[in-house]
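Residues in the sequence shown are numbered consecutively from 187, following my numbering.
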Amino acid sequence: MAAYGFYVIAFLISSWKNNVKFDGLNLYLGIVNAILFGLWSIVILNGVVSYAYPLMLMGVLYTALALLVQRMTGACSGPVLTKLAGGLLLILIASGQFGQHLAVKPMINVYFWLAVSCGLLAAGALKALNGLKAAAVGIWLIVVCYWFTVTWDTPWGTWFGVFIPFLNWAALAWELLAAMGFYFSLRISFPALRHDGNRLIAYACSILSHLIVGGLLTVQVRNMITEYRLSGWMDLQLTLSVSWGIYALLLFLWGARSRQSVFRVFGSVVLIGVAAKTLLLDLSGSETIYKVLVLFLLGVITFAIAYINGKWKHVREPGNAAEDGSAEQPAGPVGSSQEEPSGSHSSEDVR
Numbered sequence: 187m188a189a190y191g192f193y194v195i196a197f198l199i200s201s202w203k204n205n206v207k208f209d210g211l212n213l214y215l216g217i218v219n220a221i222l223f224g225l226w227s228i229v230i231l232n233g234v235v236s237y238a239y240p241l242m243l244m245g246v247l248y249t250a251l252a253l254l255v256q257r258m259t260g261a262c263s264g265p266v267l268t269k270l271a272g273g274l275l276l277i278l279i280a281s282g283q284f285g286q287h288l289a290v291k292p293m294i295n296v297y298f299w300l301a302v303s304c305g306l307l308a309a310g311a312l313k314a315l316n317g318l319k320a321a322a323v324g325i326w327l328i329v330v331c332y333w334f335t336v337t338w339d340t341p342w343g344t345w346f347g348v349f350i351p352f353l354n355w356a357a358l359a360w361e362l363l364a365a366m367g368f369y370f371s372l373r374i375s376f377p378a379l380r381h382d383g384n385r386l387i388a389y390a391c392s393i394l395s396h397l398i399v400g401g402l403l404t405v406q407v408r409n410m411i412t413e414y415r416l417s418g419w420m421d422l423q424l425t426l427s428v429s430w431g432i433y434a435l436l437l438f439l440w441g442a443r444s445r446q447s448v449f450r451v452f453g454s455v456v457l458i459g460v461a462a463k464t465l466l467l468d469l470s471g472s473e474t475i476y477k478v479l480v481l482f483l484l485g486v487i488t489f490a491i492a493y494i495n496g497k498w499k500h501v502r503e504p505g506n507a508a509e510d511g512s513a514e515q516p517a518g519p520v521g522s523s524q525e526e527p528s529g530s531h532s533s534e535d536v537r
């Protein structure tokens with residue numbers, strides 16, 4: 187520890203005396219010093235303290251050095267960005283290691299990395315840096331995959347010792363993930379990509395967000411039946427079928443509002459899957475009255491979806507007719523353009 191601190195201070199003073207030049211050999215030697223100390227601390231302190239503590243110390247130190255160098259040079263140069271990026275990365279790695287013995291660690295990880303994603307998104311919006319926005323989307327995607335993997339064995343995170351469906355820490359994690367995904371689908375676009383590329387990203391974020399909503403329904407319904415001991419008169423699988431039917435209805439509503447046919451297709455797939463699951467797997471082993479009630483609810487949901495689909499087609503027909511009839515309009519002057527502005531179909535149209 188003393189040798190590491192000595193070399194950090196020595197390289198800093200050496201660069202300061204060298205006409206305040208913090209790049210070159212001193213920068214590379216500083217990186218080597220950090221790598222050696224990091225590896226040494228992991229090996230030597232194994233079994234004594236978690237390696238998260240020295241990594242956190244190094245992260246805070248390099249972040250402070252980046253601010254100091256920026257203040258001394260008055261510019262965000264390569265050495266400043268190197269120290270800042272390295273320091274923040276070490277802080278993030280160390281923060282992810284704390285609380286490993288806690289059962290709610292997966293939930294803490296989700297909240298922590300969602301906060302990181304939100305911070306990158308805010309910084310990217312303020313500084314108009316698309317790289318930070320892309321990093322925010324990438325972190326969100328990784329967190330979604332991680333949460334789908336670990337959520338089934340994660341504690342429910344009840345509030346005040348009482349389980350309330352959709353109002354607990356685990357449900358809040360699902361809801362925040364879905365909210366961020368919907369925000370990305372509505373607001374995120376990258377000038378470097380063409381219109382089709384931005385639309386594809388918007389569709390992907392929106393569909394993933396809907397899958398998150400489906401996961402939320404599944405987990406919360408399962409936990410509700412378990413917590414309140416409703417399995418005696420509520421069959422879990424049939425109840426999940428009703429929940430997924432409601433989810434398919436929500437997909438159709440979302441598609442009707444945004445006028446995006448991809449959600450009609452997605453909702454149709456979910457509805458067909460629910461129907462097949464109910465008829466082939468769920469109708470055996472449950473009370474007859476409950477089966478009748480579930481089938482009645484699924485029928486109502488299917489009727490509502492058919493009604494929405496009919497209204498949706500009726501709403502879309504004028505727009506399609508206008509597009510199809512554009513060729514029948516009188517031709518304008520030579521060289522005039524009748525195309526819509528390229529920005530009229532941005533990723534913000536995806537609802």
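All C-beta atoms in this analysis are idealised placements derived from N, C-alpha and C, irrespective of residue type, glycine included. These numbers come from a predicted model, not from an experiment.
Residues sharing a beta bridge with residue i, DSSP
i	result
V348	W345
Same chain, Cβ closer than 7 angstroms to residue i, neighbours up to 5 away in sequence not counted
i	result
R408	L422
S395	A364, G367, F368 and S371
I398	V330, W360, L363, A364 and G367
G529	With a pLDDT of 44 at G529, under the threshold of 50, the predicted position of this residue should be treated as unreliable, though the coordinate-derived value follows. Contacts found: none.
W333	V296, A359 and L363
N354	W342, G343, T344 and W345
L469	K477
S227	Y237 and P240
Buried or exposed (CB count within 10 angstroms, at least 16 for buried), residue i
i	result
W430	buried
G418	exposed
L484	buried
F489	exposed
F438	buried
K319	buried
W345	exposed
D339	exposed
Q286	exposed
I221	exposed
V266	buried
Y414	exposed
F482	exposed
T425	buried
G260	exposed
L231	exposed
V153	Residue 153 lies beyond the residue range present for the chain, which begins at 187 and ends at 537; the question has no answer from this structure.
L402	buried
V218	exposed
V255	buried
E503	Confidence at E503 is low in this model, with a pLDDT of 41, below 50, so the placement of that residue should be treated as unreliable; the coordinate-derived value is given next. The residue in question, E503, is exposed, as its Cβ has fewer than 16 Cβ neighbours within 10 Å.
Residue nearest to residue i in terms of C-alpha spacing, selected from the options
i	options	result
G400	Q446, Y239, T340 and G453	G453
W542	S303, N316, V194 and L394	This structure does not reach residue 542, given that the chain is present from 187 up to 537, and the question cannot be answered.
I491	V478, L288 and F449	F449
I487	V460, L300 and L466	V460
I277	S263, W299 and P265	W299
T404	R380, F352, C391 and V455	F352
S447	L402, G496 and A220	G496
V428	V451, Y414, A462 and R415	A462
M242	Q406, G260, A356 and I279	I279
L275	V229, V246, G324 and V290	V246
G349	M293, Q406, S263 and L402	In the sequence as displayed, the identity of residue 349 is Phe instead of Gly. Of the listed residues, the one whose Cα sits closest to F349 is Q406.
L465	V451, V480 and V455	V480
A289	S200, K313, A356 and G264	A356
P377	I217, L253, G317 and T259	G317
S281	S201, G191, M244 and H381	M244
L436	S392, T474 and L416	S392
Neighbourhood of residue i by C-beta, 8 angstroms cutoff - its chain only, sequence neighbours within 5 removed
i	result
L251	V194, L198, K269 and G273
L315	A309
L467	Q423
M420	I411 and Y476
G505	Model confidence at G505 stands at a pLDDT of 43, short of 50, so the residue's coordinates are unreliable; what they give is reported in the following sentence. For G505, where only same-chain residues beyond five positions count, the Cβ hits under 8 angstroms are R445.
I432	L403 and I487
Y248	A220, K269, L270, G272, G273 and L276
F136	Look at the range of the chain in this structure, 187 to 537, and you will see that residue 136 is not part of it.
Cβ neighbours of residue i in the same chain (closer than 6 angstroms, five flanking residues each side left out)
i	result
A322	S303, L306 and L307
L457	A434
V336	P292
List, from N- to C-terminal side, the alpha helix (DSSP H) runs of 4 residues or more that fit wholly inside the region 285–361. Correct list: 291–313 and 316–336.
In chain order, which continuous runs of the alpha helix (DSSP H) of length 4 or greater are located wholly inside the region 433–489? Residue ranges of uninterrupted alpha helix (DSSP H) with 4 or more members, entirely inside the region 433–489 and ordered along the chain, are 447–463.
Those runs of the alpha helix (DSSP H) which lie wholly inside the region 384–420 and span at least 4 residues: Taking only runs of at least 4 residues, no alpha helix (DSSP H) segment lies wholly in the region 384–420.
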